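Colleague: Each number in the working numbering comes from the position in the sequence shown (counting from 1) with 2 added on. This is the structure, below, for whatever I ask next.
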Amino acid sequence: MISSIGVNTFPSNANTVSPFATSGREAVGLENLEAKDDLFSPVEEPPKKEAALNDDKKERVGDEPRRQGEQQAGSEQDDLDESELAQIRELRARDAEVRAHEAAHASVGGQYAGAPSYSYETGPNGVKYAVGGEVSISLPANADNPLQTIQAAEQVRRAALAPADPSGQDRRVAASAARVAISARAELRAQQAEERRLAAAEKAEAKSERELAEAQRKSRIESVRSSNFLSSNLSTPENVSGANAPGQVLDQIV
3 MISSIGVNTF
13 PSNANTVSPF
23 ATSGREAVGL
33 ENLEAKDDLF
43 SPVEEPPKKE
53 AALNDDKKER
63 VGDEPRRQGE
73 QQAGSEQDDL
83 DESELAQIRE
93 LRARDAEVRA
103 HEAAHASVGG
113 QYAGAPSYSY
123 ETGPNGVKYA
133 VGGEVSISLP
143 ANADNPLQTI
153 QAAEQVRRAA
163 LAPADPSGQD
173 RRVAASAARV
183 AISARAELRA
193 QQAEERRLAA
203 AEKAEAKSER
213 ELAEAQRKSR
223 IESVRSSNFL
233 SSNLSTPENV
243 SGANAPGQVL
253 DQIV
């Protein structure tokens, strides 16, 4: 039985934007990891109320690096030409695409998915933008519980295909998870068949024991009856006194 498909990754499927000159400004959008549930529905959506309010606060706080980075770069953008501004717009769009893609994997993958990791490029404005990313994914080793393996593999498969436009690697991971599920289903069927066989064997053994006990009971009853019959026909003083005297039968015949 296959207990694990190991660790796989979900890279973003779009092409990486060409690098630009680097600088030390803050990376854009790191905060959005906490807001992934707002972009994509998780497998099991937790109750809202206070938890949702806390998530909103985290999202607002997490937006600060993006705002600060671009606000800091704002005064310098006057010196940028049109091609550089176009590059920034492209990077900004790519950043949003990458984060949405990886957030979809992580959100649906749940306990089987790691946190998204990103690669960055720095725009002409000195702000870092995510241009690539991946989410590690793995299945637990659980050879004794194929049903749990099936459920985990199905969740991993859904996580791999969660983005609107899954990459080739995403589809390969989904296919790998599907194979794990197929293998686990076969193991589950074999396990269930063995359980049925054992149950039938136990039932047959119990029936055989009942039949043997019944046969032994009847044998004892028959033995008691035979013993009583023999006892009733044994010679006793009364039987002897009532018996024919020697020669009496011969006299009757003559």
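For glycine and all other residues, C-beta sits at the position ideal for the given N, C-alpha and C. Since this is a predicted model, take the numbers as computed values, not measurements.
Flag this pair as touching only if the segment 133 to 150 and the segment 196 to 205 have three or more C-beta atom pairs under 8 angstroms; answer yes or no.
Modeller: The segment 133 to 150 is not in contact with the segment 196 to 205.
Colleague: Just curious, the beta strand (DSSP E) that residue 169 is in, first and last residue?
Modeller: No beta strand (DSSP E) holds residue 169; DSSP gives it neither H nor E.
Colleague: What does a CB cutoff of less than 6 angstroms around residue 226 pick up in its chain, not counting 5 residues either side in sequence?
Modeller: Correct list: empty, nothing qualifies.
Colleague: Name, in chain order, the residues that DSSP records as bridge partners for residue 124.
Modeller: Answer is 130.
Colleague: Just reading off the alpha helix (DSSP H) that residue 87 is part of, what are its end residues?
Modeller: Its alpha helix (DSSP H) spans residues 84 to 111.
Colleague: Pull up the distance between the alpha-carbon of residue 218 and that of residue 190, whole angstroms please.
Modeller: Taking the straight line joining both Cα atoms gives about 42 angstroms.
Colleague: Counting beta carbon pairs with one atom in the segment 123 to 132 and one in the segment 149 to 156, are three or more of them shorter than 8 angstroms?
Modeller: Contact between the segment 149 to 156 and the segment 123 to 132 is absent, because fewer than three Cβ pairs lie under 8 angstroms.
Colleague: Of all the options 184, 162, 232 and 231, which has the alpha carbon lying nearest to the alpha carbon of residue 174?
Modeller: It is 162.
Colleague: Which runs of the alpha helix (DSSP H) fall wholly inside the segment 155 to 242 and span at least 4 residues, in chain order?
Modeller: Segments of the alpha helix (DSSP H) lying fully in the segment 155 to 242: 170 to 234.
Colleague: From the DSSP output, read off the bridge partner residues of residue 135.
Modeller: Paired residues: 120.
Colleague: Tell me whether residue 90 is buried or exposed, calling it buried when 16 or more other Cβ atoms sit within 10 Å of its Cβ.
Modeller: Result: buried.
Colleague: Going by C-alpha to C-alpha distance, which of 160, 87 and 93 sits closest to residue 133?
Modeller: Comparing Cα-Cα distances from residue 133 to each of 160, 87 and 93, the minimum goes to 93.
Colleague: Please report how far the alpha carbon of residue 101 lies from the alpha carbon of residue 182, in whole angstroms.
Modeller: The straight-line gap from Cα to Cα measures roughly 28 angstroms.
Colleague: Restricting to Cα atoms, I'd like to know which of 99, 109, 149 and 152 is closest to residue 135.
Modeller: Residue 99 is the option with its Cα nearest to residue 135.
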